[in-house]
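**Q** Here my numbering is used: position 97 in the sequence shown is 102, and no number is missing along the way.
Cβ atoms here follow ideal geometry from the backbone N, Cα and C, with glycine treated the same way.
Computed from a prediction, not measured in an experiment: that's the story for all the values here.
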Amino acid sequence: MKHLILGNGPTGVVAAETLRGVAPNDEIVMVGSEPEPPYSRMAIPYLLEGNIDERGTYLRKTDSHFGDLSIRQKSGRATALDTASQRVTFDDGSVETYDRLLIATGSHPVRPPIPGVDLPQVQTCWTLEDARGIAKLAAPGARVLQLGAGFIGCIIMEALAKRGVELTVVEMGDRMVPRMMTPKAGGMIKRWVEEKGIRVVTGAGVQRIDPAGANSAGGIGGVIRSVVQSVTGNKPGDAGALTVTLSTGDKLECDLVIVAAGVAPNVDFLKDTTIEVNKGVVVNLAMETGVDGVYAAGDVTEAPDLLTGENIVSAIQPNAADQGRIAALGMAGRKVSLPGVLPINVLDTLGLISVSFGQWWGETPENDGSGVELADEGLWRYLSLQFQGDVLIGATAIGRTDQVGVLRGLIQNRTPLGKWKDILMESPTRFVDAYIATSQPISIAA
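(1) Among residues of its own chain, excluding the 5 on either side of threonine 94, which ones have a beta-carbon nearer than 6 Å to its beta-carbon?
(2) Who are threonine 434's beta bridge partners in DSSP?
(3) Kindly list the residues whose CB is nearer than 7 Å to the CB of serine 45, restricted to its own chain and excluding five residues on each side of it in sequence; keep chain order.
(4) Let's test the definition: count the other Cβ atoms within 10 Å of the Cβ of glutamate 134 and tell me whether it reaches 16, buried, or not, exposed.
(5) With 16 as the cutoff for other CB atoms within 10 Å, does methionine 185 come out buried or exposed?
(6) Under the assumption that alanine 333 contacts threonine 23 (Cβ atoms under 8 Å), give the Cβ distance between them as a whole number of angstroms.
(7) What three-state label does DSSP hand isoleucine 317 in the structure shown?
(8) Whole angstroms is fine: what's the gap from proline 309's alpha carbon to glycine 218's?
(9) Cα separation between glycine 414 and arginine 82?
(10) Identify which residue in Met47, Val305, Pro120, Gln364 has its Cα closest to the Cα of glutamine 212.
(11) Classify glycine 245 as buried or exposed, calling it buried when 16 or more other Cβ atoms lie within 10 Å of its own Cβ.
(12) From Tyr103, Met193, Asp215, pick the residue whose C-alpha is nearest to that of aspartate 123; which is it?
(13) Could you tell me which of Leu74, Ile161, Gly423 sits nearest to glutamine 393, measuring between CA atoms?
(14) Looking at the secondary structure, which residues open and close the beta strand (DSSP E) in which lysine 195 lies?
(15) Check the C-beta distance from glutamine 364 over to methionine 47 and give it rounded, since I have them as a contact under 8 Å.
(16) Which full runs of the alpha helix (DSSP H) of 4+ residues lie inside the segment 21-64, going along the chain?
(17) Identify which residue in Gly138, Ala140, Val170 has its Cα closest to the Cα of valine 149.
(18) According to DSSP, histidine 113 sits in a beta bridge with which residue or residues?
(19) Based on DSSP bridge pairs, tell me the residues matched to glutamine 393.
(20) Count the other C-beta atoms from every protein chain shown that fall within 10 angstroms of the C-beta of proline 50, then say buried if there are 16 or more, exposed otherwise.
(21) Just to confirm, is the Cβ distance from valine 318 to glycine 267 under 7 Å?
(22) In its own chain, which residues sit with a C-beta less than 6 Å from the C-beta of asparagine 13, not counting the 5 before and 5 after it?
(23) Provide the residue span of the alpha helix (DSSP H) that contains aspartate 327, from first to last.
(24) Ignore the nearest five residues each way along the sequence and tell me which others in glycine 314's own chain have a CB closer than 8 Å to its CB.
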């Protein structure tokens, strides 16, 4: 039996190792599209901060690790899949056959269609190559504009702040981390960041990016620049400052623009197949695609939500590892499945911890607007709970680093709270008491 794994991030690595454990004699091939050994993208901010070197990002620290497990590694990017003949074609023209296939190709950063987004001083922060480019330009005192203040953007922002740059963050939403935090919570994070000396502009986008002075392309200035470029061989934007025009009309001078506007699954090579793809590859809870012998896991997938059953993309590393393990067991012939995907976000923003679990976003058809919000902005503490009937289905918290795992447990176990739902509506901070009472009813009184 030959198992072909497309992707060597956390999903692919966990899947390959799991397969080797349960299928000791099978052939395993793991394919990565970058020249480096398998590494964690989530470690790149620590690399930019100087806390680790590139080797510190590697998922496995021993050079012989995969060889010792008889896992063959291949470098290449899948360009086509033929499920009838069970063959994958790669960008170098090579072909690999398979008996079982795992699509774990992950995501790529989205580059919005902004004029100037392809200038060399405009970087994404997704690969080790990206990190090298950022490190060259993000010297202490450099003027940096970051487009996007989502989850990934906030992680990058912290690394940039520790490098001592002069940072401006531009976010199209009305708050920071809009896909993780309620309006009040996102507003609190914005104020926290601003108090740390970072400028944050919400409700705005980047309209265009130009080399500084490029707007006066004609006349003698344009002639001089053309002569200089012909002599030096430089193109506009090869070096030097940029002028960024915001949708508000404001113009900002900067040395580096970092695009952190989200990611999208790597699914282009599936366009001529019968595999169902929406935002990601659609799978069931056993990570099966619906095409015999083809599985998918990690950031590239849409899998059923634990609470609603609707397909969602949940691009977080713990989910990716869990799905990789389940897919591998299925590829080895074991019938296993996940209970469902639970959205989980834990973020450290310049020392302020925030979390969200489940359906945290407030009034929906599922919860009928049944929720409670408690904020102490002076102490940087916040808690929001969302219910469906007497079951907790979503939670958001800021500044609470202890015992918040209880909120995840209540949501993931879909624990009926009974009278404790009303108690939490009045006193939401008693969620630990509610957990103890509903898991061990005789241990605590209301």
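**A** This is what the structure holds:
(1) Around threonine 94: Thr84, Ala85, Val100.
(2) Beta-bridge pairing by DSSP links threonine 434 to no other residue.
(3) Excluding residues within five positions, the ones whose Cβ falls inside 7 Å are Pro15, Thr62, Leu64.
(4) Classification for glutamate 134: exposed.
(5) Buried, since its Cβ has 16 or more Cβ neighbours within 10 Å.
(6) At roughly 4 Å, the Cβ-Cβ gap stays under 8 Å, so alanine 333 and threonine 23 are in contact.
(7) Note: isoleucine 317 maps to strand in three-state DSSP.
(8) If you take the alpha carbons of proline 309 and glycine 218, they lie about 51 Å apart.
(9) Their Cα atoms are separated by approximately 39 Å.
(10) Checking every option, the nearest Cα to that of glutamine 212 belongs to Pro120.
(11) With fewer than 16 neighbouring CB atoms inside 10 Å of its own CB, glycine 245 falls in the exposed class.
(12) Nearest of Tyr103, Met193, Asp215 to aspartate 123, Cα basis: Asp215.
(13) Among Leu74, Ile161, Gly423, the Cα nearest to that of glutamine 393 belongs to Gly423.
(14) Where lysine 195 is concerned, there is no enclosing beta strand (DSSP E), although the alpha helix (DSSP H) it sits in stretches over 188-200.
(15) In fact, because the Cβ distance is near 24 Å, the residues do not count as touching under 8 Å.
(16) Counting only runs of 4 or more, we get 49-54.
(17) For valine 149, the nearest C-alpha among the options comes from Val170.
(18) Its beta-bridge partners are Ala269.
(19) BP columns for glutamine 393 point to Val396.
(20) The residue in question, proline 50, is buried, as its Cβ has 16 or more Cβ neighbours within 10 Å.
(21) Not a contact, by the Cβ cut-off of 7 Å.
(22) If we look at asparagine 13 and ignore the five residues flanking it on each side, its Cβ neighbours are Met35, Gly37, Pro43.
(23) For aspartate 327, the enclosing alpha helix (DSSP H) begins and ends at 322-336.
(24) Scanning its chain for C-beta atoms nearer than 8 Å, with the 5 sequence neighbours on each side dropped, one finds around glycine 314 the residues Gly345, in chain order.
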